[in-house]
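Notes for the one structure printed next.
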């Protein structure tokens with residue numbers, strides 16, 4: 001996996017995945033598809049570089065595979081990973097929308 005710089009005005013990693021550990025402002029974490037309360041209007045993280053940033057957030061690194069050509073790809077890719085790793089996930093259908101070239105249902109719901 002080749003890492004890349006985080007794309008400005010994206011915020012996909014602060015929206016698509018669920019977070020099951022406490023976040024300042026969200027003691028129970030957050031569900032998938034819901035923007036984190038720490039996501040600023042410019043789609044940057046208010047906790048970036050701060051010690052209170054959750055370890056799961058700090059460990060996620062942008063990559064070509066994850067970020068692709070833009071925000072829509074990143075949202076769809078992360079939503080597919082979320083679906084594939086959910087406790088009740090069906091492995092054969094988790095990322096079918098992405099593999100088939102279509103838009104993942106999560107991306108369809110939040111993007112124009």
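Residue numbers (full-length UniProt numbering): 1 to 112. Backbone N, C-alpha and C define an ideal beta-carbon position, used for all residues, glycine too.
Secondary structure of residue 81 (DSSP, three-state): helix. Taking C-beta separations shorter than 6 Å and ignoring five residues to either side along the sequence, the partners of residue 47 in its chain run 38 and 53, following chain order. Per DSSP, residue 28 is not a residue of any alpha helix (DSSP H), being assigned neither H nor E. The beta-bridge partner set that DSSP reports for residue 2 is empty. Here the segment 77–89 lies against the segment 9–22, with 3 or more beta-carbon pairs under 8 Å apart. 8 Å or more divides the Cβ of residue 4 from the Cβ of residue 57.
Between residue 82 and residue 17, the C-beta gap is smaller than 8 Å, which places the two residues in contact. Ranked by Cα distance from residue 6, the options 33, 29, 69 and 24 are led by 69. Here residue 39 carries a strand assignment [DSSP, helix/strand/coil]. The beta carbons of residue 2 and residue 59 sit about 17 Å from each other, so the pair does not count as a contact at 8 Å. The beta carbons of residue 20 and residue 29 sit closer together than 8 Å. Beta bridge pairing from DSSP links residue 45 with 39.
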